[in-house]
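Taken in sequence, the protein lines are chains Z and D.
Note that the first sequence covers residues 1 to 254 in full-length UniProt numbering.
Note that the second sequence covers residues 1 to 264 in full-length UniProt numbering.
Written out below as structure tokens is the structure these notes cover.
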Amino acid sequence: MEHLRKIGVPLLSIVVFLGLWEGLVWVNGWPNYKMASPSDLPPAFWKYHMLFLEMGWQTLWRTVLGLCIAVVAGTGLGMIMGFSRIARDALYPLLVGFNAIPKATLVPVIALIFIGQHDFNTVLMAFLISFFPIAVSVSIGLSTLEPEYRDILRALGASRLTIFRKIALPKTLPEFFGALKVSVTLAFIGTNLVEIVSPHGRGLGALFKSGETNGDYPLMFAVLIALAFLGIVLYYAVVALEKIFAGWAERPHA
Amino acid sequence: MEHLIEIKGVSHAYTTKSGPLPVLDGLEIAVPEGEFCAVVGPSGCGKSTLTRLIAGLMRPDRGEVWLHGARVTSPRKTVGMAFQNPVMLEWRTILENVILPLEIVAPKMPRAERVARAEHLLEMVGLKGFEGKRPSELSGGMRQRASLCRAIVHKPDVLIMDEPFGALDAFTREDLWQTMRDLRAAEPFTCVLITHDLREAVFLGDQVVVLSGRPARTQRVIDVDLPADRTLDILFEPRAQDMLHALRDEIRIAQGRVPAAPAH
Ligand SMILES: Nc1ncnc2c1ncn2[C@@H]1O[C@H](COP(=O)(O)OP(=O)(O)OP(=O)(O)O)[C@@H](O)[C@H]1O
Ligand SMILES: [Mg+2]
């Protein structure tokens, strides 16, 4: 019963959504160069299935790599800001300012600095766009740690590192995963941004652009669906990790 | 007589936005080894500050804190601390929470030995069967018991408790007094207990220190000459009642409700 609800309900909602979409296109009599309908998608997927696998893989590994770098760098920055007031005062305005820059404007800049390094540029953008929430959540988690928690171990003469490992780190995990859920979506956007804009790009973004150049609308929609699918997979991968490492934060329902 | 804990002329002030706030003023307390010192005083007079000074979490502006014949300048592993708020780590089970100090103090101790020690203590405080539960699954009183186990799991020489039973109902509190008495009978340690409950102070204490209002001085020290194996009934005996009355009067002086009588 529980399983049926967990899997059946989301599945049903997707089916209803596809049905409405199909119906909308059918009622309006839109041709597929104006708006593709779900029934146009399987042929598009089938026609290009090798491309989809290859490009999907490209997009996936770049996003994940960028996100991993963001986790490491974001956690590091967050730790520095969480432990040192001076570092926080110094870095915060810089970070906020950097985060406020629309990342699309950075694409040509990066492309100019690292000409032709498509993989590198894509990963870099995924990282740049996604580290901010992680850094902020870790720094806030650490700087708002109640002194009582610290004192449990400090009273025993534990080192700062031990206190971080045993108390601060696990205590911030729920906030960290909250941020990671935002970051994973952002990293995905970053990857696709570069893939779409770069002239000789690869990945799903590039596939989307080739659909656009060739006027292949079903392909474009198929790419959008593939992107949505990949986004869902990534998001729920984070949710699964959260369950494993911060499952304790989930209170049993009353 | 050799004192395990000595507070010698300790003064301390906090820096606040509106200037220095003197909290302790020439405090004098001495606790012999194995004795139980209960500290009472008006709210906000500096009792928690005192516990932090004894634990070495802070250093006093003036005066000295001595423990075991050595001056306290930083935290030490031979001290156990129980806080008013039984901060339990939600990501650990009750058993793992109790084991935590051993991971710091005795990192080489085999896991089985740690578990055995923690299970033994949990059983003593009546928490057998709750070892695998999360803190949020326990009641406040049960969490407080677990926090007590955590404070003594590494067999400290000194246990410092800051109003550990303050938030509990009267019956649970009396239960825990008896638990405390039994724990000390099983493995003696020197104790400093901050409390605002005079009956608690008399039931558990070998001496009761009354602090004056802020900035706190040692206003009065009352020796509790009751037998070590007390039962709750002893609180209804005349000698205990006399002590409670005397303490009540001292507290009213400390609160500034009545002028201090000339020195006793
Ligand atoms: N870190 C701090 N900075 C500034 N002032 C503080 C600080 N900690 C405590 N104080 C002040 O010092 C005084 C004594 O605090 P303390 O916590 O030691 O009192 P207490 O006797 O434990 O009070 P209570 O009975 O309410 O627990 C209070 O007036 C409090 O506002
Ligand atoms: Mg206090």
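Even for Gly, the Cβ is constructed at its ideal location relative to N, Cα and C.
All values derive from a computational prediction rather than experimental measurement.
Check: Am I right that glycine 157 of chain Z and arginine 76 of chain D are in contact with their C-beta atoms under 8 Å? What's the rounded C-beta distance?; Outcome: 6 Å
Check: For the beta strand (DSSP E) that leucine 235 of chain D lies in, which residues bound it at each end?; Outcome: Careful: leucine 235 of chain D lies outside any beta strand (DSSP E) and carries neither H nor E.
Check: When Cβ atoms are compared, which residues of the segment 139 to 161 of chain Z fall closer than 7 Å to chain D?; Outcome: Glu148, Tyr149, Asp151, Ile152, Leu153, Arg154, Ala155, Leu156, Gly157 and Ala158
Check: If you measure from each CB to the nearest heavy atom of ligand 2 and keep those under 7 Å, what residues do you get, in chain order?; Outcome: D:Lys47, D:Ser48, D:Gln84, D:Asp162, D:Glu163 and D:Ile194
Check: Between aspartate 157 of chain D and threonine 78 of chain D, which are expected to be in contact by the criterion C-beta below 8 Å, what is the C-beta distance as a whole number of angstroms?; Outcome: 5 Å
Check: Decide if the segment 176 to 183 of chain Z is in contact with the segment 127 to 137 of chain Z; the criterion is three or more beta carbon pairs, one per stretch, under 8 Å apart.; Outcome: yes
Check: Taking its Cβ as the centre, do 16 or more other Cβ atoms sit within 10 Å of asparagine 28 of chain Z, making it buried, or is it exposed?; Outcome: exposed
Check: Verify the contact flag: valine 23 of chain D, CB atom, against every heavy atom of ligand 1, threshold strictly below 6 Å.; Outcome: yes
Check: Measuring alpha carbon to alpha carbon, tell me which residue in D:Ser212, D:Arg71, D:Gln144 and D:Asp229 is nearest valine 23 of chain D.; Outcome: D:Ser212
Check: Expressed to the nearest angstrom, what Euclidean distance is found between the alpha-carbon atoms of leucine 60 of chain Z and leucine 18 of chain Z?; Outcome: 25 Å
Check: Output the boundary residues of the beta strand (DSSP E) element that contains residue 284 of chain D.; Outcome: The requested residue 284 of chain D does not occur in the structure, where chain D is confined to residues 1 to 264.
Check: Rounded to whole angstroms, what's the CA-CA distance from glycine 26 of chain D to leucine 232 of chain D? Just pull it up for me.; Outcome: 35 Å
Check: Give me whichever residues DSSP pairs with glycine 80 of chain D in a beta bridge.; Outcome: D:Leu159
Check: Who are the neighbours of proline 102 of chain Z on chain D, taking C-beta pairs under 8 Å?; Outcome: Ordered by position in chain D, no residue passes the 8 Å Cβ test against proline 102 of chain Z, which lies about 38 Å from the chain.
Check: Would you say proline 170 of chain Z reaches chain D, if we count a Cβ-Cβ gap shorter than 7 Å as a contact?; Outcome: yes
Check: With distances taken Cα to Cα, identify the nearest neighbour of tryptophan 91 of chain D among D:Ile104, D:Lys133 and D:Ala70.; Outcome: D:Lys133
Check: So, using beta-carbon positions, are glutamate 148 of chain Z and valine 87 of chain D closer together than 7 Å?; Outcome: yes
Check: Report the neighbours of methionine 81 of chain D on chain Z: residues whose CB is nearer than 7 Å to its CB, in chain order.; Outcome: Ala155
Check: Is the number of C-beta pairs between the segment 36 to 56 of chain Z and the segment 96 to 114 of chain Z that are closer than 8 Å three or more?; Outcome: no
Check: Return yes when the C-beta of threonine 16 of chain D is under 6 Å from any heavy atom of ligand 1, and no when it is not.; Outcome: yes
Check: Please indicate yes or no: does the CB of glycine 44 of chain D lie closer than 6 Å to some heavy atom of ligand 1?; Outcome: yes
Check: Between the segment 66 to 80 of chain D and chain Z, which residues of the former have CB atoms less than 9 Å from a CB of the latter, in chain order?; Outcome: Ser74, Pro75, Arg76, Lys77, Val79 and Gly80
Check: Against tryptophan 248 of chain Z, what residues of chain D qualify as contacts under a CB-to-CB distance less than 7 Å, listed in chain order?; Outcome: Glu90, Trp91 and Arg134
Check: How about alanine 201 of chain D and proline 42 of chain D: do their beta carbons lie closer than 7 Å?; Outcome: no
Check: Which residues in chain Z sit within 8 Å of leucine 57 of chain D, going by Cβ to Cβ distance?; Outcome: Asp151, Arg154 and Ala155
Check: Quick one: grab the DSSP three-state call for histidine 118 of chain Z.; Outcome: helix
Check: Do glutamate 2 of chain D and alanine 30 of chain D have their C-beta atoms closer together than 7 Å?; Outcome: no
Check: Give me the chain Z residues within the contact set of valine 87 of chain D, using Cβ-Cβ distance strictly less than 7 Å, ordered along the chain.; Outcome: Glu148, Tyr149 and Ile152
Check: Mapping the DSSP letters down to three states, classify glutamine 219 of chain D as helix, strand or coil.; Outcome: strand
Check: Against chain Z, does valine 31 of chain D count as a neighbour if the rule is that its beta carbon must be under 7 Å from one of theirs?; Outcome: no
Check: Beta-carbon within less than 7 Å of glycine 34 of chain D's beta-carbon, same chain only, minus the 5 sequence neighbours each way: which residues are those?; Outcome: Pro188 and Thr190
Check: For the segment 62 to 76 of chain D and the segment 114 to 132 of chain D, state whether three or more C-beta atom pairs, one from each stretch, are separated by less than 8 Å.; Outcome: no
Check: Can you confirm whether valine 98 of chain D, when its beta carbon is compared against all beta carbons of chain Z, has any partner nearer than 7 Å?; Outcome: no
Check: The alpha helix (DSSP H) with leucine 138 of chain D in it runs from where to where?; Outcome: No alpha helix (DSSP H) holds leucine 138 of chain D; DSSP gives it neither H nor E.
Check: Using a Cβ-Cβ cutoff of less than 6 Å, which residues in the same chain neighbour serine 11 of chain D once the five nearest sequence positions on both sides are dropped?; Outcome: Leu24, Asp25, Gly26, Asp61, Arg62 and Gly63
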